[in-house]
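Notes to accompany the following structure.
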Amino acid sequence: MLSDDVIYLRKLEREDLEQTYEWFNTPYVYLIMGVESPVSRASQARWFDAMEADPTKIVFALCLQEGHRHVGNVSLDHIDRRHRNARISIFIGEKEFQGIGLGSRAMRLLVQYAFDYLNLHKLWSKARADDEELDRWYERLGFQCEGRQREQEFLEGRYVDKNLWGLLRSDFNAK
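In the working numbering, each residue carries its 1-based index in the sequence shown increased by 3.
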C-alpha cells in the first residue's frame, strides 16, 4: 500500500463502483471530467472489467487515513513498458476534499510508485489550458508544459485547448 500520514492509495475494488457511480452522476463531475453524460451502473461495471483486464492501466482508490474514506481515484494508463512512460491522472470526487492538498499528496505517491516500482522514465498528463490554477499545480509537482493542443476537446459547449505536461524521472529525483 502506498501511503503517507494523511492518505493512502489502494487497489480500486469492485465494491468501490457504487461510490464512483455517484460521483460520475453529479453534473459538476461529469462536466469537468469530459464525460458525455451520466453513467449507468452497467457501464461502470464494464469499465471496471476492462480496466482489470488491461495491463496498461492501474487504478488506485485515494483514501483518507482517518476513517478510511474513499475520496477519489488516481491512475496510470497508456503504460508503455518499452518506452517506459505512462499517462498519470487524478480525480477527487468528494468536493469537500478538493483544493486542500490531497491531490498533491496522492500524485507524489503515485509518481514515486511509477518511477521506483514500475521503473518508468516519464509521466505525462493533459489539462485544460485555460486553468491557470491547474497549471501552477502541475509546476509545483515538477511537471513541465511540453506543448498545447489547440481545440482538442469539446467541453461545456465549446472547444478547449489542452496543455500537455511531462515529468521525467531525473527531474523528479532532482527535487
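Don't be surprised by glycine CBs; every beta carbon is placed ideally from N, CA and C.
(message) Rounded to whole angstroms, what is the Cα-Cα separation between THR23 and GLY160?
(response) 24 Å
(request) Return yes when the Cβ of ALA117 is within less than 9 Å of the Cβ of ILE93, no when it is not. (result) no
(message) Restricting to Cα atoms, I'd like to know which of ASP19, ASN166 and ASP164 is closest to ALA48.
(response) ASP19
(message) Assuming contact is defined by CB atoms lying nearer than 9 Å, are TRP127 and GLU149 in contact in what I supplied?
(response) yes
(request) With DSSP collapsed to three states, give me the class of LYS60. (result) coil
(request) Please report how far the alpha carbon of LYS125 lies from the alpha carbon of VAL42, in whole angstroms. (result) 32 Å
(request) Measure how close the beta-carbons of VAL198 and GLU97 come, nearest whole angstrom, since I'm counting them as under 8 Å. (result) Here the chain covers residues 4 to 178 and nothing more, so residue 198 does not appear.
(request) Taking SER107 as the reference, give the member of VAL32, LEU167, ASP138 and ARG85 with the closest Cα. (result) That would be ASP138, whose Cα lies nearest to the Cα of SER107.
(message) Please classify LYS165 as buried or exposed, where buried requires at least 16 other C-beta atoms within 10 Å of its C-beta.
(response) buried
(request) Compare the Cα-Cα distances from ARG172 to each of GLN115, ARG17 and GLY102 and report the closest residue. (result) GLN115
(message) Please report the distance separating the alpha-carbon of LEU170 from that of GLU69.
(response) The alpha-carbon separation between LEU170 and GLU69 amounts to approximately 30 Å.
(request) Please report how far the alpha carbon of LYS129 lies from the alpha carbon of GLY102, in whole angstroms. (result) 19 Å
(message) Pull the bridge partners of ALA130 from the DSSP assignment, please.
(response) ASN166
(request) Let me know the alpha helix (DSSP H) ranges lying completely inside the region 78-135, each 4 residues or longer, listed in chain order. (result) 105-115
(message) For the alpha helix (DSSP H) containing ARG172, name the first residue and the last one.
(response) Taken as a continuous stretch (DSSP letters only), the alpha helix (DSSP H) holding ARG172 covers 172-177.
(message) Can you list, in chain order, the residues of its chain with a C-beta nearer than 7 Å to that of ASP7? Leave out the 5 residues immediately preceding and following it.
(response) ARG108 and LEU112
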